[in-house]
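Trainee: Numbering (my numbering), first residue to last: 16 to 455. For every residue, glycine included, the Cβ atom is placed at its ideal position computed from N, Cα and C.
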Ligand code: SF4
Ligand code: SF4
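1) Buried or exposed: which applies to residue 193, given that a residue is buried once 16 or more other Cβ atoms fall within 10 Å of its Cβ?
2) State the CB to CB distance for the pair residue 73 and residue 65, rounded to an integer number of angstroms; the pair is presumed to be in contact (CB under 8 Å).
3) Is the separation between the beta-carbon of residue 268 and that of residue 341 shorter than 9 Å?
4) With 16 as the cutoff for other CB atoms within 10 Å, does residue 215 come out buried or exposed?
5) When DSSP labels each residue in this structure, what does residue 323 get in the three-state scheme?
6) Indicate whether the contact test is met: 3 or more Cβ pairs, each with one atom in the region 289-308 and one in the region 316-323, closer than 8 Å.
7) Just mark residue 79 as buried or exposed, buried being the case when its beta carbon has 16 or more other beta carbons within 10 Å.
8) Using DSSP with H/G/I as helix, E/B as strand and the rest coil, what is residue 233?
9) Does the pairing of the region 122-136 with the region 93-113 give three or more beta-carbon distances under 8 Å?
10) I need the boundaries of the beta strand (DSSP E) containing residue 47, first residue and last residue.
11) Would you check if the distance between the CB atom of residue 86 and the CB atom of residue 201 is smaller than 9 Å?
12) Around the C-beta of residue 387, are 16 or more other C-beta atoms found within 10 angstroms, so that it is buried, or is it exposed?
13) From residue 174 to residue 281, what distance separates their C-alpha atoms?
14) Does the region 321-330 come close enough to the region 178-186 that 3 or more CB-CB pairs lie under 8 Å?
15) Exposed or buried, what is residue 45 when buried is set at 16 or more other beta-carbons lying within 10 Å of its beta-carbon?
16) Thinking residue 450 and residue 218 are a contact (beta carbons under 8 Å), I'd like their distance in whole angstroms, please.
17) Considering only the alpha carbon of each residue, which of 429, 377 and 422 lies closest to residue 412?
18) Compute every distance between the C-beta of residue 43 and the non-hydrogen atoms of ligand 2, then say whether any falls below 8 Å.
19) Name the residue from 35, 287, 223 and 26 whose alpha carbon lies nearest to the alpha carbon of residue 362.
20) Kindly indicate which residue of 91, 374 and 33 has the alpha-carbon position closest to the one of residue 204.
21) Under a Cβ-count criterion, where at least 16 other Cβ atoms within 10 Å of its own Cβ denotes burial, should residue 369 be classed as buried or exposed?
22) Nearest to residue 168 by alpha carbon, out of 176, 151 and 155?
23) State buried or exposed for residue 350, treating a residue as buried only when at least 16 other CB atoms are found within 10 Å of its CB.
24) Give the single residue among 383, 372, 339 and 407 whose Cα lies nearest to the Cα of residue 108.
25) Which residue from 28, 99 and 228 puts its Cα closest to that of residue 262?
26) Are the CB atoms of residue 308 and residue 283 within a distance shorter than 9 Å?
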């Protein structure tokens, strides 16, 4: 089934300026006919294009809060990044109590599930279960899709645990069923997430056969609804069940800190993550046993659904964590139930760059691409609507573009038709024209 992405283009706003094409880490954007297109097989929902588009033509949408009406009992799973969005917040309990005033019947913190995963991971480390080193965190769905698409050789390095929001959904649903006696279909479980990638992951999980969430709401949508109830709360309920370790997962370095003493490296920002993965693929291994990789700057607090600047949110979370216990959760499930924390399907290579299903045809297309690329200028100017000359050559061979979309190819044709070099050069935009040397 095709993945339903949460990053979408607002066609009316797009002016075809091409600013977005070069920022995409998987070369998923093309601009043709004054309009951008996102190739769905290539998008990893990183949000880079949302941040860079000067016309706000690319956006990410969470699920509509109207879906709460489809369920008799609704559970909110707030990601810890939510807590960093509010000025002068004294206690996480204020946010959790207010969630019960806006349509949810129960809250289950994703930070609690994160603590359970950290505890599970620590037990696995001490029990000596062998894994490829360095082990790569499985907590950022964008990084998971990036590895599956661009770095398939590194799939064996990825930790086998599911996302904290997924574990929270499984455990919260169990609790809700026991507490209410309702059948599962009457219970809706919804994550409140900091980024587009987690909305897509809620619909199409990377490591689970079936979705365990009924939807995912953007932090910015819930934030606005929470402001008034938070001010008007008559009673603040003691609902929080997470400590420093769980809440710390909201920022880059938090998951590593919860590994207690393991040699960990934390990398944030999609380009830095790519650099690190390229290094490992080339055999330049970091001196670390565990790599925490976050696509967003500063980790989840940097996701495009947040309201607050990531650095300010990080500072607030630090303040909130003062006085909290290190952790409030140990993974106490009996041995036979512990698999709940692990993926139930292996991560698979995503063949988004495969040229054809038939290997012979694919090889012939590859040769055609290389041949055409050799005759392109290698300026990667983007005026053809592709991010690089290589991507343009691929588009031509795959029938997504015509050779005439390259202004240098058109200049060649003009030269051969008119025989005039100067006239053909005038056709090019100023940066690519031959420099006129002043007469001496
Ligand atoms: S940056 Fe991309 S999406 Fe935004 S207006 Fe320009 S071409 Fe369109
Ligand atoms: S969200 Fe990321 S991967 Fe998807 S089109 Fe935008 S920049 Fe490319």
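Mentor: By the coordinates alone:
1) Residue 193 is classed as exposed because its beta carbon has fewer than 16 other beta carbons within 10 Å across all chains shown.
2) Correct: roughly 5 Å between the Cβ atoms.
3) Not a contact, by the Cβ cut-off of 9 Å.
4) By the 10 Å Cβ count, residue 215 comes out buried.
5) Of the three classes helix, strand and coil, the one that applies to residue 323 here is coil, per DSSP.
6) Contact annotation: the region 289-308 does not touch the region 316-323, with fewer than three C-beta pairs closer than 8 Å.
7) Residue 79 is exposed by the Cβ-count criterion.
8) Residue 233: strand per DSSP, three-state reduction.
9) Touching, yes.
10) Counting along the chain, the beta strand (DSSP E) containing residue 47 begins and ends at 44-47.
11) Result yes, Cβ atoms of residue 86 and residue 201 sit closer than 9 Å.
12) Flag for residue 387 reads buried.
13) Taking the straight line joining both Cα atoms gives about 15 Å.
14) With the rule of 3 Cβ pairs closer than 8 Å, the region 178-186 does not count as touching the region 321-330.
15) With 16 or more other Cβ atoms within 10 Å, it is buried.
16) Between residue 450 and residue 218 a beta carbon distance of about 53 Å is seen, past the 8 Å cut, so the two are scored as non-contacting.
17) The shortest C-alpha separation from residue 412 is found at 377.
18) Answer for residue 43: yes, Cβ within range of ligand 2.
19) Of 35, 287, 223 and 26, the residue nearest in Cα terms is 223.
20) Among 91, 374 and 33, the Cα nearest to that of residue 204 belongs to 91.
21) Counting C-beta atoms within 10 angstroms of its own C-beta, residue 369 has fewer than 16 neighbours from the protein chains shown and is therefore classed as exposed.
22) Comparing Cα positions, the closest option is 151.
23) So residue 350 ends up on the exposed side.
24) Considering only alpha carbons, the answer is 339.
25) Put simply, of 28, 99 and 228 the residue whose alpha carbon is nearest the alpha carbon of residue 262 is 99.
26) Going by C-beta atoms, residue 283 is nearer than 9 Å to residue 308.
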